[in-house]
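Going by the numbering used here, the sequence shown wraps up at 729, each residue one higher than the last. Accompanying notes for the structure given below.
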Amino acid sequence: MTNFSQFEFRNLPGFDQNTFDGFDKAIPMKTLVIYCFDPRAAEIPKAVADHLGDEVYPGENITDENGVRIGHTRTLFALSNGGGRALQSLQSIATMDYLFHYQNVVIVHHSFCGMTSYTPELLIEKFHTHHHTDISGLWDHEDMAIEDYEKTIKHDVDLLDHSPLVPKHLNLYGFFYEINSGELTEVVRVPASERSAS
Ligand SMILES: [Zn+2]
């Protein structure tokens, strides 16, 4: 059995978690893009990188003389989940802030997303019928489906704006992406200087 602890940063000689100040020198992360894992929406990270400009995506590995991967040139990280929703992304947003000094969080919802095919009430009802469970009180109904793109994109950016897991130095963006034309439309932007107090 392999001793996996040899693969942990904490156990590397010379690595001190108490003086650790981020992995920015290894990977210059600037932006986190949150989008749907629908394969038809796979081009979203590249589209956002092109739209924002001054981003590297996908970039390439940086290796040392022994072929060890010591970094990457990518600046834009991509995080996908069902719908490209803010709620499911909070954990990554927070932990990435510990590891990198990044600047932007971008939420992207796309045309003909599966999440527009039902209402929260239907989802709750189906769970009740098929799985005999009540999920109605588990999370905000606005996070269960996409009933109106503009509202949902604003809801997600607002959720990030008010979450203690999303540090106030981060700029927030909300975009709509049309999967057939590849067009990206900015719906909402909250720069760090305009972030809410709580
Ligand atoms: Zn989708």
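Even for Gly, the Cβ is constructed at its ideal location relative to N, Cα and C.
beta-carbon residue i near ligand 1 non-hydrogen atom, thresh 6 Å
i: residue 674; result: no
i: residue 475; result: In this structure the chain extends from 532 to 729, so residue 475 is not present and cannot be described.
i: residue 645; result: yes
i: residue 679; result: no
i: residue 687; result: no
i: residue 595; result: no
i: residue 569; result: yes
Residue i at chain D interface by Cβ criterion, 7 Å
i: residue 715; result: Going by chain labels, chain D is absent from the structure shown, which holds only one protein chain.
Bridge partners - residue i, DSSP secondary structure assignment
i: residue 710; result: Paired residues: none, contrary to the question.
i: residue 562; result: 607, 635
i: residue 725; result: Answer is none; residue 725 lacks a bridge partner.
i: residue 717; result: 706
Residue i classed as buried or exposed, judged by whether at least 16 other C-beta atoms fall within 10 angstroms
i: residue 572; result: buried
i: residue 692; result: buried
i: residue 620; result: buried
Hey, which unbroken runs of the alpha helix (DSSP H) at 4 residues or more fall wholly within the stretch 636-704?
651-657, 680-693
Decide yes or no for the touch test of the stretch 631-641 against the stretch 650-658: beta carbon pairs closer than 8 Å, at least 3 of them.
Counting Cβ pairs under 8 Å, fewer than three are found: no touch.
Kindly confirm or deny that the stretch 603-616 and the stretch 582-593 touch, where touching means at least three C-beta pairs closer than 8 Å.
Touching, yes, given that three or more Cβ pairs across the two stretches are closer than 8 Å.
Taking contact to mean at least 3 C-beta pairs separated by less than 8 Å, is the stretch 608-624 in contact with the stretch 564-580?
yes
Just to confirm the assignment: which complete alpha helix (DSSP H) runs, minimum length 4, are found wholly within the stretch 569-623?
575-583
The stretch 619-626 in contact with the stretch 572-584 per 3-pair CB rule at 8 Å
no
For the structure I just gave you, are there three or more beta carbon pairs, one from the stretch 639-654 and one from the stretch 666-686, closer than 8 Å?
The stretch 639-654, when compared against the stretch 666-686, does touch it at the 8 Å Cβ threshold.
Are the stretch 697-706 and the stretch 718-725 touching, with three or more C-beta to C-beta distances below 8 Å?
yes
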